[in-house]
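Chemist: The structure under discussion is supplied below as structure tokens; questions concerning it will follow.
Number of protein chains: 2
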Amino acid sequence: MKANQNQFSPRKVPQQERALFTVESILTAARTIIQQKGYEAATTNHIADVAGVSIGSLYQYFPSKEAIVAALVEDAVLRAGERTRKFLIERMNVSLETGVREIIQHLLEIRREYGLIFRRLAREVPRFRNISGQLTTEKYLYNTVHTFYLQHREEILVEDLEMAMFVIEHLVVGAIDAYLDNDAPRLDDEELVQQVSNAVIKYLTK
Amino acid sequence: MKANQNQFSPRKVPQQERALFTVESILTAARTIIQQKGYEAATTNHIADVAGVSIGSLYQYFPSKEAIVAALVEDAVLRAGERTRKFLIERMNVSLETGVREIIQHLLEIRREYGLIFRRLAREVPRFRNISGQLTTEKYLYNTVHTFYLQHREEILVEDLEMAMFVIEHLVVGAIDAYLDNDAPRLDDEELVQQVSNAVIKYLTK
DNA sequence: GGCTAATGTGAGAAATTGCTCACATCAAAC
DNA sequence: GTTTGATGTGAGCAATTTCTCACATTAGCC
């Protein structure tokens, strides 16, 4: 019984070039299908088909269908988390207004780019909601955002900052997701970011 | 070929007391299962099991699994829509601040009560998103809300009111759903309503 | 070339699920 | 009590989907 193995661990680690290509093809195919047709359409046979490999190969590297999806989610959470982290650290010293606007702008980009994971998958497969939820709420990000707000504490009139952070996080993400879901009439990226920033800044400082 | 029949129409209208009880049992079972375990867990056999009726009886009254879900959705949209309509009309003449707060309070109640439909189902089954989306965006409600805002137009500094309505709708619903999904720490109903109202009012008037 | 381990294949086994149908039971009217 | 239509039953069909396994092919090494 090997350690560090769970029900999502790969069965076999690819060692040759062509095996790596196979694994990549499978992940790409799964991503594409889920993106375009949704989770239900992503049957293992269909994924193998689109990837151009046999169903047997698929099951050599992934123990189950869920393992494929888990791999997609993990990848997205890692990448998006890393980018957001860097972004936040670079913005540590800007003004409250600028910081808020740029963070919202950044969140819009992230949630558009990883729409598959953070919106489609997280909604259709409740199992994965927590995993993808990690991104916005994980401790490191939380602390970084918290630090940013603290640097502008005197401008902020809200008493309970932690509570305000929770409210803001979900106000913002809620509006962004709705904007991306519906194709909002009379509203473009710039305008959305402007309006939501306004709301957040006014909520905090007026 | 009968008119007024579609793929969701019941096959048979219950005529005796016990048949009505059967239908109710099926709907209740479906609601419970979806609420607690999600849409995927709601197989027809499982629904019949929980309802305490045979799978045959289920298919006597519902032509398909989707018809059961459609019945749940329709019921919720009708009830919630009607209640919201009445609520809005009663609040036509209150102040901007009071109106906004009470509407948010009302939305919180509605989305908690009909959480099954407006949150779980709408997310897991893309097919039903539009139907449940009707509730908040349907024309009548839209016009009613619009009228309310217009009565306080001089207090409102935002130029493009229609755009602001879109932003506000999704800010509010986003925050409410997040609050209901996560069991938000250090935040109760009253506090949430207060904070979100604050944000909306300040966004509109400052 | 010959050997070995890694990789690839796809028919089909096993499991799941929506749904049917031939039949059994019950309620109401006479 | 008999009849008749409404209601209830559940084995199992048909279609789909996940996953296995015996076998074939390929890459790397001597």
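Protein chains in written order, with our numbering: chain X, 1 to 206; chain E, 1001 to 1206. The beta carbon of each residue, even a glycine, is placed where N, CA and C say it ideally should be. These numbers were taken from a predicted model, which means no experiment stands behind them.
(1) Here's the rule I'm using: 16 or more other beta-carbon atoms within 10 Å means buried, otherwise exposed. How should N143/X be labelled?
(2) So within the region 1072-1128 of chain E, which uninterrupted alpha helix (DSSP H) runs reach at least 4 residues, ignoring any that extend past its ends?
(3) Output needed for N93/X: all residues of its chain with C-beta closer than 8 Å, excluding positions within five of it in sequence on either side, in chain order.
(4) Three or more C-beta pairs under 8 Å: does that hold for the region 1169-1181 of chain E against the region 161-179 of chain X?
(5) Please report the residue range of the alpha helix (DSSP H) in which T1032/E lies.
(6) Put L157/X into one of helix, strand or coil per three-state DSSP.
(7) Could you tell me the distance, in whole angstroms, from the CA atom of I201/X to the CA atom of E155/X?
(8) Comparing C-alpha positions only, which one of L1027/E, R1119/E, S1197/E and Y1059/E sits nearest to K1012/E?
(9) Tell me which residues share the same chain as I26/X and place their Cβ nearer than 6 Å to its Cβ, disregarding the 5 neighbours each side in the sequence.
(10) Given P14/X, which residues of its chain have a CB within under 8 Å of its CB, disregarding the five upstream and five downstream residues?
(11) Since F118/X meets chain E, which of its residues come closer than 8 Å, beta carbon to beta carbon?
(12) May I have the straight-line CA-CA distance separating S95/X from A1076/E, to the nearest angstrom?
(13) Just the C-alpha distance for D1049/E and T147/X, rounded to the nearest angstrom, thanks.
(14) Going along chain X in order, which residues have a C-beta closer than 7 Å to the C-beta of N1198/E?
(15) Only counting the same chain, and skipping five residues up and downstream in sequence, which positions put a Cβ closer than 8 Å to that of L1141/E?
(16) Going along chain X in order, which residues have a C-beta closer than 9 Å to the C-beta of R1186/E?
(17) Along chain X, which residues have their Cβ under 9 Å away from the Cβ of D1177/E?
(18) What residue does the alpha helix (DSSP H) around I12/X start on, and which one ends it?
(19) What residue range does the alpha helix (DSSP H) around L58/X cover?
(20) Classify Q1007/E as helix, strand or coil using the three-state DSSP reduction.
(21) Could you check which residue in T43/X, E74/X and R79/X has the C-alpha nearest to that of K65/X?
(22) Can you give the beta carbon distance from L72/X to R31/X, rounded, assuming they're within the 8 Å contact cut?
(23) Taking K1065/E as the query, report the chain X residues whose CB atoms sit under 9 Å from its CB, ordered along the chain.
(24) Alpha carbon to alpha carbon, how far is V1100/E from Q1194/E? Give it in angstroms, no decimals.
(25) Is it right to say S1197/E is buried, meaning 16 or more other beta carbons lie within 10 angstroms of its own, or is it exposed?
(26) Could one say the Cβ of K206/X lies closer than 7 Å to chain E's Cβ atoms, at least one of them?
(27) For T44/X, does the three-state DSSP call read helix, strand or coil?
(28) Taking the straight line between their C-alpha atoms, what separation do you get for N6/X and V158/X?
(29) How far does the alpha helix (DSSP H) with N198/X in it extend, from its first residue to its last?
(30) Are the CB atoms of R1120/E and E1102/E nearer to each other than 7 Å?
(31) Would Q195/X count as contacting chain E if we go by Cβ distances under 7 Å?
(32) Exposed or buried, which one is G1056/E when buried takes at least 16 other CB atoms within 10 Å?
(33) Going by C-alpha distance, which of E1017/E, L1187/E and A1070/E is nearest A1122/E?
Modeler: With the structure as the only source:
(1) Classification for N143/X: exposed.
(2) Entirely contained in the region 1072-1128 of chain E, the alpha helix (DSSP H) runs reaching 4 residues are, in chain order, 1096-1113.
(3) Exclusion of the five residues before and after N93/X leaves Q151 as the residues of its chain whose Cβ lies within less than 8 Å of its Cβ.
(4) The answer is yes - the region 161-179 of chain X touches the region 1169-1181 of chain E, with three or more Cβ pairs under 8 Å.
(5) That run of the alpha helix (DSSP H) goes E1017 to K1037.
(6) Here L157/X sits in coil by DSSP.
(7) I201/X and E155/X: Cα-Cα distance of roughly 10 Å.
(8) Relative to K1012/E, the option among L1027/E, R1119/E, S1197/E and Y1059/E whose CA is nearest is Y1059/E.
(9) Residues A51 and L58 of the same chain have their beta carbon placed closer than 6 Å to that of I26/X, with the five preceding and five following residues left out of the count.
(10) Same-chain partners within the cutoff: L20, T22, V23 and Y61.
(11) What F118/X touches in chain E: nothing, since even the nearest Cβ is about 12 Å away.
(12) Going from the Cα of S95/X to the Cα of A1076/E covers about 46 Å.
(13) Computed Cα separation, rounded: 53 Å.
(14) Among the residues of chain X, those whose CB is under 7 Å from the CB of N1198/E are Y203, following chain order.
(15) Once the five neighbours on either side are set aside, the close Cβ partners of L1141/E are G1081, T1084, R1085, L1088 and L1135.
(16) Neighbours of R1186/E in chain X, taken as residues whose beta carbon is under 9 Å from its own, are D160, E162, M163 and F166 in chain order.
(17) Simply H170 and G174.
(18) Before going on, a small fix: residue 12/X reads as Lys here, not Ile. Neither: K12/X is in no alpha helix (DSSP H) and is coded neither H nor E.
(19) In the DSSP assignment, L58/X falls within the alpha helix (DSSP H) that extends over I55 to Y61.
(20) Taken through DSSP and simplified to helix, strand or coil, Q1007/E comes out as coil.
(21) Nearest of T43/X, E74/X and R79/X to K65/X, Cα basis: T43/X.
(22) With 8 Å as the limit, L72/X and R31/X qualify as a contact, their Cβ atoms being about 6 Å apart.
(23) Chain X residues near K1065/E: none, gap ~13 Å exceeds 9 Å.
(24) Counting only the Cα atoms, V1100/E lies some 10 Å from Q1194/E.
(25) Buried, by the Cβ-count rule.
(26) At least one chain E Cβ lies under 7 Å of K206/X.
(27) T44/X falls in the helix class under three-state DSSP.
(28) Going from the Cα of N6/X to the Cα of V158/X covers about 45 Å.
(29) Looking at the DSSP string, the run of the alpha helix (DSSP H) that includes N198/X is D189 to T205.
(30) In terms of Cβ geometry, R1120/E and E1102/E do not form a close pair [threshold 7 Å].
(31) It does; some Cβ of chain E falls within 7 Å.
(32) The residue in question, G1056/E, is exposed, as its Cβ has fewer than 16 Cβ neighbours within 10 Å.
(33) Of E1017/E, L1187/E and A1070/E, the residue nearest in Cα terms is A1070/E.
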